[in-house]
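Going letter by letter, the sequence shown gives residues 1 to 247 in the working numbering. Built from N, CA and C at the ideal position, the CB exists for glycine as well.
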Amino acid sequence: MQIFGVDIGGSGIKGAPVDLERGDLADERYKVLTPRPAAPDAVADRVKEVVDHFGWTGPVGVTFPGVVAGGTTVRTAANVDKNWIGVDARALLGERLGGLPVTVLNDADAAGVAEMRFGAGRDRRGTVALLTFGTGIGSALFVDGVLVPNTELGHLELDGHDAEKRASSKAKEDEDLSWERWARRVSTYLAHVEMLFSPQLFIIGGGVSRKAHKFLPLIEGIEAEVVPAQLLNNAGIVGAAMRASTR
């Protein structure tokens, strides 16, 4: 069975049909740049471009980089235009896609759902925290495999700032941090999350997960197991499609 997944990010919007039996993309993903500003109508147009690229006419799962209350209403928009706040994202995207059935969820939650089913969290019980390091820091928290939605742990305070302003991969790039310096910030952030939630496992996702060998060995002071995401940066697409299949 195939369902289409779209992952809206702060820098790019990417999507592809997903093979739900394998938990992998059924075709090479198609990516476009996130518009500037990332206002609702402009982003919806780019999502349509991605879906139209494949001629898709079935259900579509879409991730959003913020809190999505009840799978419909956007409550936060840290890395996209603030005009998203209060928008019924499911209705907007459904209308733009010509009435296709649309399911919307937080981007990190989607990545977490995929990793817990097909990736690094498979068959893991207890408390598991997936953290995506990219334009910001997304989070997905699971207790015995059950998602606690919309946690937004990237906005915990770290050194007087939102954690994502200090420890995201964008912060690394913007400040030209070495892997060693950035890993120290990530370690401080993980220690804070560990103090609050005591997870048995941290799964590190987002685009930087492709280079996990460069920084995970430098993480220090964490009692929980820390592993890279196995689905890498496709996890959001897969998780969005998984959620759309259960609508």
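In this chain, the beta strand (DSSP E) harbouring glycine 5 covers 2-8. Pairing valine 43 with leucine 131, the inter-Cα distance amounts to about 24 Å. According to DSSP, isoleucine 13 shares a beta bridge with Ile8, Val32.
The secondary-structure analysis by DSSP pairs aspartate 162 across a beta bridge with Glu157. The straight-line gap separating the alpha-carbon atoms of leucine 147 and alanine 111 is approximately 11 Å. DSSP, reduced to helix, strand and coil, places leucine 131 within a strand of the structure shown. Here leucine 33 is exposed, its C-beta having fewer than 16 other C-beta atoms within 10 Å.
With fewer than 16 neighbouring CB atoms inside 10 Å of its own CB, valine 143 falls in the exposed class. The DSSP-derived three-state label of phenylalanine 215 is helix. Between glutamate 223 and glutamate 194, the gap from beta carbon to beta carbon is short of 8 Å. For the set Gly61, Ile203, Ala38, Asp24, the Cα lying nearest the Cα of glycine 71 is the one of Gly61. Leucine 190 is positioned such that its CB atom lies closer than 8 Å to that of isoleucine 219. In the three-state reduction of the DSSP assignment, leucine 196 falls in the helix class, which pools H, G and I. Beta-bridge partners assigned by DSSP to threonine 73: Ala69, Asp88. Looking at the backbone, the Cα of isoleucine 237 and that of proline 149 are separated by about 17 Å. When rounded, the separation of the alpha-carbon atoms in aspartate 81 and alanine 235 is 24 Å. Judged by DSSP in its simplified three-state form, aspartate 107 adopts helix. The beta carbon of glycine 206 sits closer than 6 Å to the beta carbons of Thr132, Phe133, Gly134 from its chain, once the five residues preceding and following it are set aside; these are given in chain order.
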